[in-house]
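Numbering (the numbering used here), first residue to last: 10 to 165.
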């Protein structure tokens, strides 16, 4: 990737004895707008001088998996037992970060906070009013005769 090439160029320039300012200028000229932060360049130079590993390790740690099916089930069981659990309570109980717990609740379990309870996102109540629906309907009397009458007959 481009960032790996920028990192490798920064390491090579640091090995050549360039200063942070010189490295920043050279990398900025080669990759406009994509240079590493000064603090990152300083850290590379310092680590290299101390004999440490300065290789680019981004994206290599694939062993960290917190949101496993078993962990998601544990959070689901906790929420099913008490829908009013807070994120802080779940963090304390399961020893995971707030971000991890929130992602499990929202992304993995499809829940959202409604009032003080966690509810499924797709469980929306129908938008029908709960109070009695009142309509004005003309109801005919019991002695209503559906046959039309000639008006003149009524007045004789």
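Note that beta-carbon positions come from the ideal geometry of N, C-alpha and C, so glycine has one too. Every value quoted in this text rests on a predicted model; they were computed, and no experiment measured them.
- Annotation: the continuous beta strand (DSSP E) that includes residue 126 extends over 126-129.
- Shortest Cα-Cα distance from residue 129 to any of 32, 89, 25 involves 89.
- When secondary structure is reduced to three states using DSSP, residue 14 falls in the helix class.
- Taken through DSSP and simplified to helix, strand or coil, residue 47 comes out as helix.
- If you compare the alpha carbons of 55, 77, 51 with that of residue 117, the shortest gap goes to 77.
- The beta-bridge partner set that DSSP reports for residue 120 consists of 129.
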